[in-house]
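Visitor: This is the structure I want to talk about, given as structure tokens.
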Ligand code: GDP
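Numbering (the working numbering), first residue to last: 1 to 319.
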């Protein structure tokens, strides 16, 4: 994938952020999704369709007794993802009870309606213009081939084979839309970094996925999947840096967190790889983006991802 070199990026991220500061969540360099302000350079070309959805009034977090929040973990504020309209200053004593388990994400009043009741494959598109035009909010899953994307997708919708659709010959290089609860989309993008793919094809993927990221007005956030059972790969770092540089909202999903390498073989625990990855991308963002640790074997992180998607989505629909 033809991405910019890392050293150049650090400089451009820091300079470009000034002009965008009014759209930034004050707690993070990562812009919180808002369909009116997100695609600053592109929304004039592809205006966001008006949503036909209505949102009910936010329900306080305390109404979700089953919410999977972190019990004991201690985070410094600058390492947390604090959604807008979320006051953490007055409630610092109870903050840890509002952090999603195995993540750095604070729950906001928008975290509701997270359950997946219905999921269906809608279509495969090869161009952004061919994607569904109903304006429903969507989340794109992307990652290196073999990172566990199909397994995660199936785990999110609790179906064994839904993501097989995306693996069928002819669909693997497409933008695959799955409609959830008739109200939002999960989008499966082609895996990158597949060494056996001809260079020509790899370039094509880069081109159309980049176009999708830059021009898809219904895109609420990219979920970039990173294998936590192995050390960071250069191509993943480049992908994260490109998303950061282009102001594309991103959540990091660390996969395969159930896999434990033996210390004596020089392997690191998933937690260590997660920390290392954060360190390596620190320069690309003013503060850390949201991240969640997951496993499709144990279903770790499944409910947390859905709650995080729900709060991003509900905020996006309101703004
Ligand atoms: P994709 O190419 O990104 O869609 O990856 P797949 O979902 O097909 O998974 C690639 C391989 O990783 C398969 O052998 C899966 O069984 C395995 N895998 C996927 N997710 C996990 C996970 O959370 N834990 C473990 N241990 N293996 C996983």
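For each residue, glycine too, the CB sits at the ideal point set by N, CA and C.
Taking the continuous beta strand (DSSP E) assigned at residue 240, which residues delimit it?
Guide: Position 240 of the chain shown, counted from the start, is the residue given in the question as residue 240. Careful: residue 240 lies outside any beta strand (DSSP E), inside the alpha helix (DSSP H) at 234-245.
Visitor: List the DSSP bridge partners of residue 227.
Guide: Indexing the chain shown from 1 puts residue 227 at position 227. Paired residue(s): 255.
Visitor: Just how far apart, CA to CA, sit residue 310 and residue 115?
Guide: Indexing the chain shown from 1 puts residue 310 at position 310. Indexing the chain shown from 1 puts residue 115 at position 115. Spanning the two alpha carbons is a distance of roughly 9 Å.
Visitor: Taking 8 Å as the threshold (C-beta atoms), are residue 106 and residue 81 in contact?
Guide: Locating residue 81 in the chain shown gives position 81, where the first residue counts as 1. Locating residue 106 in the chain shown gives position 106, where the first residue counts as 1. Yes; because the gap between Cβ atoms is below 8 Å, this pair is in contact.
Visitor: If contact is defined by three or more beta carbon pairs under 8 Å, each pair taking one atom from either stretch, is the region 205-222 in contact with the region 246-263?
Guide: Because the criterion of three Cβ pairs below 8 Å is met, the region 246-263 and the region 205-222 touch.
Visitor: Less than 7 Å between the CB of residue 258 and some heavy atom of the ligand GDP, yes or no?
Guide: Working through the chain shown from its first residue, we reach residue 258 at position 258. Yes; taking the cut-off as 7 Å, the Cβ of residue 258 has a heavy atom of the ligand GDP nearer than that.
Visitor: Decide if the region 177-194 is in contact with the region 139-153; the criterion is three or more beta carbon pairs, one per stretch, under 8 Å apart.
Guide: These segments touch.
Visitor: Could you give the C-beta distance for residue 333 and residue 148, rounded to a whole number, given that I count them as a contact under 8 Å?
Guide: Since the first residue shown for the chain is 1 and the last is 319, residue 333 is missing from the structure and cannot be characterised.
Visitor: Check this for me: beta carbons of residue 308 and residue 289, under 8 Å apart or not?
Guide: Within the chain shown, residue 308 is the residue found at index 308, counting from 1. Within the chain shown, residue 289 is the residue found at index 289, counting from 1. No, Cβ-Cβ distance for residue 308 and residue 289 is not below 8 Å.
Visitor: Would residue 144 pass as a contact of residue 192 if the rule is Cβ separation under 8 Å?
Guide: Position 144 of the chain shown holds residue 144. Position 192 of the chain shown holds residue 192. A contact, by the Cβ cut-off of 8 Å.
Visitor: So does residue 89 have its beta carbon nearer than 7 Å to some heavy atom of the ligand GDP?
Guide: By 1-based counting over the chain shown, the position of residue 89 is 89. Residue 89 Cβ: outside cutoff for every heavy atom of the ligand GDP.
Visitor: Residue 301 to residue 103, Cα distance in whole Å?
Guide: Translated into the one-based positions of the chain shown, residue 301 becomes position 301. Translated into the one-based positions of the chain shown, residue 103 becomes position 103. Using only the alpha carbons, I get a separation of about 8 Å.
Visitor: Is the region 83-99 close to the region 269-276, with three or more CB pairs under 8 Å?
Guide: Flag = no, the region 83-99 and the region 269-276 do not touch.
Visitor: Who are the near neighbours of residue 157 in its chain, counting only those whose CB is closer than 6 Å to its CB and skipping five residues on each side?
Guide: Locating residue 157 in the chain shown gives position 157, where the first residue counts as 1. So the list reads 116 and 119, once near-sequence residues are dropped.
Visitor: By a C-beta neighbour count over all protein chains shown, 10 Å radius and 16 as the cutoff for buried, is residue 90 buried or exposed?
Guide: If you number the chain shown from 1, residue 90 lands on position 90. By the 10 Å Cβ count, residue 90 comes out exposed.
Visitor: Please state the DSSP three-state secondary structure of residue 85.
Guide: Locating residue 85 in the chain shown gives position 85, where the first residue counts as 1. Coil at residue 85, not helix or strand.
Visitor: Is the beta carbon of residue 176 within less than 7 Å of some heavy atom of the ligand GDP?
Guide: As a first step, residue 176 must be located in the chain shown, where it is residue number 176. Not so, every heavy atom of the ligand GDP lies at least 7 Å from the Cβ.
Visitor: Under a Cβ-count criterion, where at least 16 other Cβ atoms within 10 Å of its own Cβ denotes burial, should residue 175 be classed as buried or exposed?
Guide: For the purposes of this step, residue 175 is identified with residue 175 of the chain shown, where counting begins at 1. Residue 175 comes out buried.
Visitor: Nearer than 7 Å: is that true of the beta carbon of residue 233 relative to any heavy atom of the ligand GDP?
Guide: Here residue 233 corresponds to residue number 233 of the chain shown, with the count starting at 1. Result no, Cβ not under 7 Å from the ligand GDP.
Visitor: Please return the same chain residues whose Cβ sits closer than 6 Å to the Cβ of residue 315, not counting the five positions on each side in sequence.
Guide: Looking up residue 315 in the chain shown gives position 315. These residues qualify, in order along the chain: 110.
Visitor: Are the CB atoms of residue 214 and residue 246 nearer to each other than 8 Å?
Guide: Taking the chain shown and counting its residues from 1, one reaches residue 214 at position 214. Taking the chain shown and counting its residues from 1, one reaches residue 246 at position 246. Yes; because the gap between Cβ atoms is below 8 Å, this pair is in contact.
Visitor: For residue 29, is the classification buried or exposed, using 16 other Cβ atoms within 10 angstroms of its Cβ as the cut-off for buried?
Guide: In the chain shown, counting from the first residue as 1, residue 29 sits at position 29. Residue placement at residue 29 is poorly supported in this model, since its pLDDT is 39, which falls under 50; the coordinates still yield a value, given next. Buried, since its Cβ has 16 or more Cβ neighbours within 10 Å.
Visitor: The ligand GDP and residue 123: does the residue's C-beta get closer than 7 Å to at least one heavy atom of that ligand?
Guide: If you number the chain shown from 1, residue 123 lands on position 123. No, the beta carbon of residue 123 sits no closer than 7 Å to any heavy atom of the ligand GDP.
Visitor: Taking a contact to mean a Cβ-Cβ separation below 8 Å, would you say residue 244 touches residue 208 in this structure?
Guide: The residue you call residue 244 lines up with position 244 of the chain shown. The residue you call residue 208 lines up with position 208 of the chain shown. Result no, Cβ atoms of residue 244 and residue 208 do not sit closer than 8 Å.
Visitor: Which residue from 241, 293 and 131 puts its Cα closest to that of residue 121?
Guide: Reading the chain shown from its first residue, position 121 is the one you call residue 121. Here the closest residue by C-alpha is 131.
Visitor: So, are the CB atoms of residue 313 and residue 137 less than 8 Å apart?
Guide: Residue numbering aside, residue 313 sits at position 313 when the chain shown is read from its first letter. Residue numbering aside, residue 137 sits at position 137 when the chain shown is read from its first letter. Cβ atoms of residue 313 and residue 137: closer than 8 Å.
Visitor: Enumerate, from N- to C-terminal direction, the unbroken beta strand (DSSP E) stretches of 3 or more residues contained entirely within the region 273-301.
Guide: Listed in chain order, the complete beta strand (DSSP E) runs (minimum 3 residues) inside the region 273-301 are 291-293.
Visitor: Kindly indicate which three-state DSSP category residue 248 falls into: helix, strand or coil?
Guide: Mapped onto the chain shown, residue 248 falls at position 248. Reduced to three states, the DSSP call for residue 248 is coil.
Visitor: Tell me where the beta strand (DSSP E) around residue 125 begins and ends.
Guide: In the chain shown, the residue the question calls residue 125 occupies position 125. Run containing residue 125: 119-125, per the beta strand (DSSP E) assignment.
Visitor: Anyone know if the C-beta pair for residue 178 and residue 232 falls short of 8 Å?
Guide: Working through the chain shown from its first residue, we reach residue 178 at position 178. Working through the chain shown from its first residue, we reach residue 232 at position 232. Contact: no.
Visitor: My assumption, with CB atoms under 8 Å, is that residue 304 sits in contact with residue 141. Please give the rounded CB distance.
Guide: Sequence index remark: in the chain shown, residue 304 carries index 304 (1-based). Sequence index remark: in the chain shown, residue 141 carries index 141 (1-based). In fact, because the Cβ distance is near 15 Å, the residues do not count as touching under 8 Å.
Visitor: Measuring only the C-alpha atoms, how far is residue 330 from residue 112?
Guide: Residue 330 falls outside the range modelled here, since the chain spans only 1 to 319, and no answer is possible.
Visitor: With DSSP run on the structure shown, which of helix, strand or coil describes residue 182?
Guide: Within the chain shown, numbered from 1, the residue matching residue 182 stands at position 182. Here residue 182 sits in coil by DSSP.
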